[in-house]
Amino acid sequence: MFGKLREKLKGFVRRVEENVEEEEKKIEKAEPEKKPGLFERLLQVEIKEKDVERALEDLEIELLEADVALEVVDELRESIKRKLVGKKVKIGTDKAKVIEDAVKEAVLEVLTPPRKINLLEEIRAKKEKPYVIVFVGFNGSGKTTTIAKLAHWLKKNGLSVVIAASDTFRAGAIEQVEEHAKRVGVKVIKHSYGADPAAVAYDAIQHAKARGIDVVLVDTAGRNELNRNLMDEMKKIVRVTKPDLVIFVGDSLAGNSIIDQARQFNEAVKIDGVILTKLDADSRGGAALSISHAIGAPILFVGVGQGYEDLRPFDEKWFVNLIFGEEN
Ligand SMILES: Nc1nc2c(ncn2[C@@H]2O[C@H](COP(=O)(O)OP(=O)(O)OP(=O)(O)O)[C@@H](O)[C@H]2O)c(=O)[nH]1
1 MFGKLREKLK GFVRRVEENV EEEEKKIEKA EPEKKPGLFE RLLQVEIKEK
51 DVERALEDLE IELLEADVAL EVVDELRESI KRKLVGKKVK IGTDKAKVIE
101 DAVKEAVLEV LTPPRKINLL EEIRAKKEKP YVIVFVGFNG SGKTTTIAKL
151 AHWLKKNGLS VVIAASDTFR AGAIEQVEEH AKRVGVKVIK HSYGADPAAV
201 AYDAIQHAKA RGIDVVLVDT AGRNELNRNL MDEMKKIVRV TKPDLVIFVG
251 DSLAGNSIID QARQFNEAVK IDGVILTKLD ADSRGGAALS ISHAIGAPIL
301 FVGVGQGYED LRPFDEKWFV NLIFGEEN
């Protein structure tokens, strides 16, 4: 996971370290009489703007190549600069660590959403059952698989779940969700193809209300902003179901374009949270790094494989440790 991102960020740390080491050598070589404040200068070396500027320019290009969104690259650049320039490092100490810590902190800041959601707590705290989650996204982003994974996870956490087969548009979609649901032991509420998806979701909510089921997961058809009718239909599903949460499911392999997708969906129906799929196959990591910052909604889970267990609650510290090689 994220091999490219790791390589770029570590490369940056190395380049700045080399520059600072050069400075250090200059201080050590200088004649004592040419050195004002010799004692402090000998003890520490200050990281100068020129030590980071060139390395930052290279990093900027590399991050863009790794599909990090432009605004996130700018944010990282400024943040790293703020943290490093003027910093004094004791001679003989581990400079790489000081630089890496600053980069880690900057990445963590960019990853930390303005708002966090503890899904289990929210579901349990809701007085009137059910808690309704609508899933939206492009075709093939992994929505249906993700819904099955989440149903499995919710069940494991002691919650009851029903799925609304609200993709009445794509041939085979209802059978597909039924198959997944059967495997994870969850009931599906369905109508026939061509039926109103909002009506299917509404029925699923009534079903859950009548039986005291905790959560309704609404599977919707994959769509994009060019499908005007489908986008309007999605707005109707949200209007009718008044969901507690709208989750955008995005394929992390789609790279930078996933950010535009998320923005379009966020404009149409407000996105409350994100699930990124296929992280197991994502070497670039740019989408994961950028999406929360771009739409102001937290990443709730990440998909890390095709099995039902392969859904991991997202935590930015985990992501940072993964990038900096402290966890696999
Ligand atoms: N490797 C990997 N594959 C995944 C992951 N999540 C989903 N997939 C695969 O992605 C493919 C598409 O998933 P679906 O769930 O069918 O996609 P969908 O978004 O429901 O498709 P539409 O109904 O067209 O919107 C399937 O082959 C899934 O097994 C993941 O986290 N990792």
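In the UniProt record's numbering, the protein residues as written are 1 to 328.
The beta carbon of each residue, even a glycine, is placed where N, CA and C say it ideally should be.
C-alpha distance - residue 188 paired with residue 217, whole-angstrom precision: 10 Å
Cβ distance (whole Å) where residue 201 is taken to contact residue 237 below 8 Å: Contact annotation, residue 201 with residue 237: C-beta distance approximately 6 Å; criterion of less than 8 Å satisfied.
Beta-carbon proximity of residue 103 to residue 9, cut-off 9 Å: A contact, by the Cβ cut-off of 9 Å.
Simplified DSSP assignment, three categories, for residue 286: helix
Bridge partners - residue 45, DSSP secondary structure assignment: 89
Contact check, residue 190 vs residue 221, beta carbons under 9 Å: no
Ordered list of beta strand (DSSP E) runs contained in the stretch 141-191, each at least 3 residues: Note on the stretch 141-191: whole beta strand (DSSP E) runs with a minimum of 3 residues are 161-166 and 187-189, in chain order.
Collapsed DSSP secondary structure at residue 112 in the structure displayed: coil
Cut-off 8 Å between Cβ atoms - residues of its own chain near residue 277, not counting five sequence neighbours on either side: 141, 142, 145, 146, 249, 250, 251, 252, 302 and 303
At least three beta-carbon pairs within less than 8 Å, the stretch 47-64 to the stretch 16-24: Yes, the stretch 47-64 touches the stretch 16-24.
Proximity to residue 106 [Cα-Cα], best of 294, 148 and 289: 289
Segment contact flag, the stretch 145-164 with the stretch 307-326, C-beta cutoff 8 Å, min 3 pairs: Pairwise C-beta distances place the stretch 145-164 in contact with the stretch 307-326, as three or more of them are shorter than 8 Å.
Nearest to residue 86 (by Cα), restricted to the options 153, 96 and 49: 49
Cα-Cα separation between residue 11 and residue 282, rounded to whole angstroms: 19 Å
Residue 135 vs residue 219 beta-carbon contact at 9 Å: A Cβ-Cβ contact shorter than 9 Å links residue 135 with residue 219.
Secondary structure, beta strand (DSSP E): runs of 3+ residues fully inside the stretch 225-290: Here the runs fully enclosed are 245-251 and 273-277.
Cβ separation of residue 213 and residue 160, assumed to be a contact under 8 Å, to the nearest whole Å: 5 Å
C-alpha gap between residue 66 and residue 287, whole angstroms: Each residue's alpha carbon lies about 9 Å from the other.
Residue-level contact to chain C via CB, residue 74, 9 Å cutoff: Protein chain content of the structure displayed is limited to a single chain, and chain C is not contained in it.
Assigned exposure category for residue 284 - 16 Cβ within 10 Å defines buried: buried
Exposure of residue 296, with buried meaning 16 or more beta-carbon neighbours within 10 Å: exposed
For residue 196 and residue 13, the rounded distance between their alpha carbons: For residue 13 and residue 196, the distance between alpha carbons rounds to 54 Å.
Extent of the continuous alpha helix (DSSP H) run through residue 202: 197-211
Helix, strand or coil at residue 99 [DSSP, three-state]: DSSP places residue 99 in helix when its eight states are reduced to three.
Unbroken alpha helix (DSSP H) run spanning residue 73, endpoints: 70-84
Inter-residue spacing [alpha-carbon to alpha-carbon] between residue 265 and residue 25: 54 Å
Helix, strand or coil at residue 303 according to DSSP, with G and I counted as helix: Three-state result, residue 303: strand.
Per-residue burial, residue 232 [other beta carbons within 10 Å of its own, 16 or more giving buried]: exposed
Endpoints, alpha helix (DSSP H) assigned at residue 117: No alpha helix (DSSP H) contains residue 117, which DSSP labels as neither H nor E.
Pairwise C-alpha distance: residue 207 and residue 227: 30 Å
Distance cut-off 8 Å: residue 222 Cβ against heavy atoms of ligand 1: yes
The alpha helix (DSSP H) enclosing residue 319, as first and last residue numbers: Segment 316-323, the alpha helix (DSSP H) holding residue 319.
Pick from 242, 170, 181 and 270 that is closest to residue 223, judged by C-alpha positions: 170
For residue 255 and residue 321, the rounded distance between their alpha carbons: 21 Å
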